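A.B. asks:
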Amino acid sequence: MLRELTFLAQSSGQAWPQRMMDMLLAAHRGCERARTQGITAVPSRQVLRWIGRYRALLDEGQALNPQRVKEQGKRGRAKQSDAFNLLRRLRDHEQEVLRFARDLSVPFTNNLAERAIRMPKVKQKISGCFRTFAGAQSFCTIRSYLDTARKHGVGMLEALRAAFNGAPMEFVGSG
C-alpha cells in the first residue's frame, strides 16, 4: 500500500497520497511507542483521531479522483484510475488497513508474510516448477522450519544441525 501511495504521490501531483503515508507512518510510530512502553493498547481517543484523519484523506482523494462513468454504447465497466481503485480498496478495507492501530499484536507491514513466500517463488521461477507434489511439500516444510527458527533467533545452521542429528527444535507458540 505504501508503494502504491508513493507511486501516486510522484505520478499524480496530488497531495493526499503523501499525507496518507504520513498519517499511516505516524500511527505506526505511535503504536511502536506504545509497545516499547509496555502498553497493551493505544488509547481509543488516539485511534479515533487516526480513523478520522484516514477518512478525511479518503474523502479528499475521492473528490480529486471521482468514479468514471461508462460511456454510452460501450460494453463493460468504465476503466477507473489507479488512484480511484486504491481509494476504493482503502475505503472497503479500512478495518484491515488500520488493524495494527487497534491491535498491537498485528504488525504494521506484511513483510514477514512476503519474506516467507519469497523462497518458494524464487525456487519456482528458477526451476519452472516443483517436479512432484511431495517435493513441494518437503520444500515448504524445510522453509517453514527455517523461517520459524529465524523468528526465534536460532541460526539456520544450528537448526539444520539439530534436525540432521535427529532432534529437530521445537518452538513454543508455533503451530
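So in the numbering used here, spot 57 of the sequence shown is number 57, and the numbers just go up one at a time. Where a beta carbon is used, it is the ideal one built from N, C-alpha and C, also for glycine. Predicted model, so just to flag it, every value in this text is computed and none were measured.
1. Can you tell me whether N85 is helix, strand or coil according to DSSP?
2. Between M119 and R89, is the Cβ-Cβ spacing less than 8 Å?
3. Skipping 5 residues on each side, what residues in its chain have a beta carbon closer than 8 Å to that of L87?
4. Could you tell me the alpha carbon to alpha carbon distance between A159 and R68, rounded to whole angstroms?
5. Measuring CA to CA, which of T36, F108, H152 and T148 is closest to A26?
6. Residue range of the alpha helix (DSSP H) that H93 falls in?
7. Roughly how many angstroms separate the alpha carbons of I39 and A101, rounded to a whole number?
8. What's the C-alpha gap between L157 and S127?
9. What's the gap between the Cα of Q124 and the Cα of Q137?
10. Measuring only the C-alpha atoms, how far is R91 from A163?
11. Please state the DSSP three-state secondary structure of G175.
12. From R33 to W50, what distance separates their C-alpha atoms?
13. In chain order, what residues of the same chain have a beta carbon less than 6 Å from the beta carbon of S81, not counting five sequence neighbours either side?
14. Go to D22, then tell me how far its alpha helix (DSSP H) extends in each direction, as first and last residue.
C.D. replies: The structure says:
1. It is helical.
2. No, these two residues do not count as a Cβ contact at 8 Å.
3. Cβ neighbours of L87 beyond the five flanking positions: L58, G61, Q62 and N65.
4. 55 Å
5. F108
6. Where H93 is concerned, there is no enclosing alpha helix (DSSP H), given that its DSSP letter is neither H nor E.
7. 12 Å
8. 24 Å
9. Approximately 13 Å, taken between the alpha carbons.
10. 46 Å
11. Here the model assigns G175 a pLDDT of 46, short of 50, so the residue's position is not dependable, and the following value carries that caveat. DSSP, reduced to helix, strand and coil, places G175 outside both helices and strands of the structure shown, so it counts as coil.
12. 15 Å
13. Within its own chain, the residues whose Cβ lies closer than 6 Å to the Cβ of S81, once the five positions on either side in sequence are excluded, are N65, listed in chain order.
14. D22 -> alpha helix (DSSP H) spans W16 to T36.
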